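Residue numbers for the sequence shown follow the UniProt record's numbering, so the first one is 1 and each next one is one higher. Each residue gets a CB set at the ideal place from its N, CA and C atoms; glycine is no exception. As the structure is a prediction and not an experimental result, all values here were calculated from the model. To start, the structure under review is shown below, and the notes come after it.
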Amino acid sequence: MENTIIEFRNIKKIYKDAIVIEKFNLRIEKGNLVVLIGSSGSGKTTLLKMINRLIESTAGEILVNGKNIKDVDPIELRRSIGYVIQQTGLFPHLTVKENIEIIPKLMGKSKEEINKKTNELLNMVGLNPEEYMDRYPVELSGGQQQRVGVARAFAADAEIILMDEPFSALDPITRAELQEELFNIQKSIE
């Protein structure tokens, strides 16, 4: 139990009169890479959004590191969890560097720490910091934007990284490359 990082207990979600999720139970151990598979509309995104309280469950409880998420401030919870969404979610008016730095700045990290981390993360996702830091999202390909989104999710040193179909909008070659990189990143963190 002490190695459990996320636990769903009898989760239920109802939208209007439709039951989307019912009696969902799952325990995820630290260090594991877990993939939710299901048809469109089966509740995968809803479950991810419940973990960081973007959506509240109708019934049941979700524990993160043994704490019921309803007892945790939603803003603090979200800052402690990395989240990569299907459409990158990058701020178009901010550079790559500024997009990655958002959460570490909110956490009060020093400029030196933030600069070092930003360089490390860009290298980790295969983007040369000198070449990409000052670019805006519109100046990047879809694959490069996804890489920046992944880097931003890792910027807070979160134990949990949620990814909601982060590579689905990409071409097959770029998707395969990013999936392979993600597995390598996960192995290096273990």
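Secondary structure note for I55: it is in no beta strand (DSSP E), with a DSSP letter that is neither H nor E.
Rounded to whole angstroms, the separation of the alpha carbons of N10 and G89 is 31 Å. CA-CA distance, I28 to V34, rounds to 8 Å. Here the segment 160–180 makes contact with the segment 71–90; the two share three or more CB pairs at distances below 8 Å.
Sixteen is the threshold: when 16 or more other Cβ atoms of the shown chains lie within 10 Å of the Cβ of Q146, as they do, the residue is buried. Between E131 and I114, the C-beta spacing is not below 8 Å.
In terms of Cα proximity to G108, the closest of P137, Q86, E181, A155 is A155. By the neighbour-count definition (other C-beta atoms within 10 Å, threshold 16), K117 is a buried residue. Cβ-Cβ distances below 6 Å link A59 to K12 in the same chain, with the five nearest sequence neighbours on each side left out; the list follows chain order.
Residue environment: L48 is assigned as buried (16 or more neighbouring CB atoms within 10 Å of its CB, all protein chains considered).
Boundaries of the alpha helix (DSSP H) around L77: 74–79. Between I55 and I6, the C-beta gap is not smaller than 8 Å, which leaves the two residues out of contact. Put simply, the backbone Cα of L127 is about 8 Å away from that of Q144. In the structure shown, M124 falls within a helical segment according to DSSP collapsed to helix, strand and coil. In the structure shown, V64 falls within a strand segment according to DSSP collapsed to helix, strand and coil. Inclusion of V96 and M133 in the CB contact set at 8 Å is warranted, their separation being smaller than that value.
Relative to the Cα of R135, the nearest Cα in the group L94, G149, R175, L121 belongs to L94. For T95, the secondary structure class from DSSP, reduced to helix, strand or coil, is coil. For the pair A151 and L122, the CB atoms are nearer than the 8 Å cut-off.
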